[in-house]
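Per our numbering, the sequence shown starts with residue 1, numbered consecutively.
All residues carry an ideal CB built from backbone N, CA and C; glycine is no exception.
Because the structure is a prediction, the values reported are computed rather than measured.
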Amino acid sequence: MTAAAPRWIELPVRAGRFALDAVLPQRCLSCDRRVAPEGGLCAQCWQEIRFFEKPWCYRLGTPFSYDVGEEAWSPQAIASPPVFGRLRSVAPYEGPARDLVHALKFHGRRNLARPMGSWMARQGSEFLGPDSLIVPVPLHWLRLLSRRFNQSADLARAIAEECGGHYEPALLKRRKRTRQQVGLSAEARRKNVRAAFGLDEARPGDVRERKVVLVDDVVTTGSTVAACSRVLLNAGAASVDVLAFAYARPSDG
């Protein structure tokens, strides 16, 4: 049994925490309201986020209105089976979930990657493990230069720290600079990312027989993660599953 810390040690620690909270009060990760010392989301934002829960589509992780079986597929997955194995995401791309993505991606709130990655790791627990290769969807080097960081890489790093997997930020490369996917139709998105990705030429065998978890901040039509998955599977990956923070097409059951 571990002995309790002496009271003379506990008092300065508590005082320090109180002083820090007074100077830098904890704020809601989404709306910036003041929250409890442990931080996170405020009560209102917690209520507004529709966290995905089972029962859900085995392939896409989209929720069903009732339980139809552990490995049931949604109509969307049946009509158009994905290239990758399974997709899991935290919440639909709306409300506070969208605010969190925008704050990380467009406003440089990189401190959000750790809590967001922690939520993602819980959602992907069925396929995450110490033997997983955690691979972020890459940015083109020109876009990385202008943005200064890759939000998907920050999320992938946080996920790897949670599950003990192997973080591989440079394994996938974006070979050509593509248009932003926002506002494009599903067909235009597919054409936009065609032949856009490839493996690091110095590491052609690094994914062979490995379980890969591909990480992105948002999945909409799935064109980007499908293009990346093809590259990884063609290189010999044993499996490719996808983990995203938000999914823009949540309703399937």
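One or two residues paired with residue i in a DSSP bridge
i, result
"residue 32", "According to DSSP, which records beta bridges pairwise, residue 32 is partnered with nothing at all."
"residue 198", "173"
"residue 211", "239"
"residue 133", "166, 212"
"residue 27", "34"
"residue 218", "246"
Proximity below 8 Å, CB of residue i to CB of residue j
i, j, result
"residue 213", "residue 165", "yes"
"residue 90", "residue 123", "yes"
"residue 170", "residue 215", "no"
"residue 211", "residue 235", "no"
"residue 331", "residue 139", "No answer is possible for residue 331: it lies beyond the span of the chain, which begins at 1 and ends at 253."
"residue 118", "residue 158", "yes"
"residue 64", "residue 56", "yes"
"residue 93", "residue 218", "yes"
"residue 26", "residue 34", "yes"
"residue 129", "residue 240", "no"
"residue 100", "residue 116", "yes"
"residue 67", "residue 110", "no"
"residue 108", "residue 49", "no"
Reference residue i, options the options, closest by Cα
i, options, result
"residue 135", "48, 82, 198", "198"
"residue 244", "35, 151, 146", "151"
"residue 246", "240, 171, 222, 233", "222"
"residue 127", "75, 108, 163", "163"
"residue 177", "109, 203, 144", "144"
"residue 32", "202, 112, 224", "112"
"residue 71", "59, 45, 40", "59"
"residue 77", "230, 92, 61, 68", "61"
"residue 256", "97, 209, 75", "Because the chain in this structure spans residues 1 to 253, residue 256 falls outside the shown range and cannot be described."
"residue 200", "231, 109, 79", "231"
"residue 146", "81, 204, 105", "105"
"residue 203", "175, 196, 168, 28", "168"
"residue 195", "69, 206, 174, 68", "174"
"residue 125", "53, 28, 49", "53"
"residue 30", "208, 51, 102, 67", "102"
"residue 40", "81, 87, 114", "114"
"residue 42", "51, 49, 28, 50", "28"
"residue 248", "88, 81, 207", "88"
Extent of the continuous alpha helix (DSSP H) to which residue i belongs
i, result
"residue 121", "113-123"
"residue 48", "43-48"
"residue 234", "223-234"
"residue 143", "141-147"
Residue i: CB within 7 Å of a non-hydrogen atom of the ligand ATP
i, result
"residue 118", "Of ligands this structure carries none, so the ligand ATP is not represented either."
Query raised in the report: Mind pulling the alpha helix (DSSP H) runs of 4 or more residues that sit fully within the segment 55-105?
Result: 75-79
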